[in-house]
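Numbering (our numbering), first residue to last: -13 to 239.
The beta carbon of each residue, even a glycine, is placed where N, CA and C say it ideally should be.
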Ligand code: 13P
């Protein structure tokens, strides 16, 4: 068993209608075995309050949102606030997913504001970073990810930083079936941890959960999670099937 908190978060993205989401959450709740690994169901907004009710009382099972707005409330048609999320019992918010950065033009500056808003509400950010294939091929991926982390997180106090979960998700591995090799994941996670240590000290860096995301499935999770600096996963497609998602949770060390 690793000493650092292991976390598996399922990012349902824009999948599952209300009934399908209920069914998936019920199946996960029924079959998940008690363990020290935290499991987070990051559902579309419509499911959050129901899923939160279904998981109430189940230890180490949490809900998460996939995004939130940076303002408290007001005339922002189509958006959701941290207070709204908090009012249904949500614990985590994914921020800076590459799909949000790319399709919704979320900048580093905007993400830093969202991080602040989430933390101020007492919620926990799962902060995503990761490079495109071009950047990986140019061999500048580590500098790219470091810049994302500095811009999104390094304004935080040590106390606030301690609440952050980081997810490294190489864009070329998301939804492509092409996962990073365990060595590629480990190299990046170690680089991220070294960067965190340079800013917040070795102890804080050591305590930070860094998740890997990008085509994690029941077959490759164990070898990825066995890497010393990989503390679980942020799972897309494979989180939509209860069987496979549970296999992934059980692959944590
Ligand atoms: P896939 O697991 O479908 O590749 O998605 C990864 C992801 O983007 C999770 O946030």
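Extent of the continuous beta strand (DSSP E) to which residue i belongs
i	result
residue 218	218 to 221
residue 48	47 to 51
residue -12	Segment: none, residue -12 is in no beta strand (DSSP E) and carries neither H nor E.
Euclidean distance between Cα positions of residue i and residue j
i	j	result
residue 190	residue 218	18 Å
residue 8	residue 126	42 Å
residue 23	residue -6	7 Å
residue 186	residue 175	16 Å
residue 40	residue 166	34 Å
residue 153	residue 161	15 Å
residue 155	residue 43	31 Å
residue 149	residue 106	11 Å
residue 226	residue 1	8 Å
residue 4	residue 71	17 Å
residue 20	residue 124	43 Å
residue 63	residue 56	13 Å
residue 90	residue 114	15 Å
residue 276	residue 196	No answer is possible for residue 276: the residues shown for the chain start at -13 and end at 239.
residue 146	residue 122	31 Å
Beta bridge counterpart(s) of residue i as assigned by DSSP
i	result
residue 113	81, 152
residue 198	154, 219
residue -4	27, 221
CB of residue i within 8 Å of CB of residue j, strictly
i	j	result
residue 50	residue 26	yes
residue 158	residue 184	no
residue 18	residue 234	no
residue 138	residue 97	yes
residue 132	residue 81	no
residue 103	residue 54	yes
residue 73	residue 110	no
residue -3	residue 221	yes
residue 207	residue 188	no
residue 95	residue 86	no
residue 14	residue 228	yes
residue 108	residue 84	no
Start and end residues, alpha helix (DSSP H) containing residue i
i	result
residue 135	127 to 139
residue 100	94 to 106
residue 66	Element bounds for residue 66: n/a, residue is neither H nor E.
residue 192	188 to 193
residue 57	Residue 57 -> no alpha helix (DSSP H), and no H or E assigned at all.
residue 232	228 to 236
residue 160	From DSSP, residue 160 is part of no alpha helix (DSSP H); its letter is neither H nor E.
Own chain partners of residue i with C-beta closer than 6 Å, once the 5 adjacent residues on each side are dropped
i	result
residue 128	177
residue 216	171, 175, 198, 210
residue 52	28, 80
residue 37	11, 27, 29, 49
residue -9	195
Contact set for residue i: own chain, Cβ-Cβ below 8 Å, skip 5 residues either direction
i	result
residue 230	203, 204, 224
residue -13	22, 239
residue 59	67, 69
residue 179	191, 192, 194, 196, 215
Cβ of residue i within 8 Å of any chain B Cβ
i	result
residue 89	Absence of chain B from the displayed structure is noted, only one protein chain being present.
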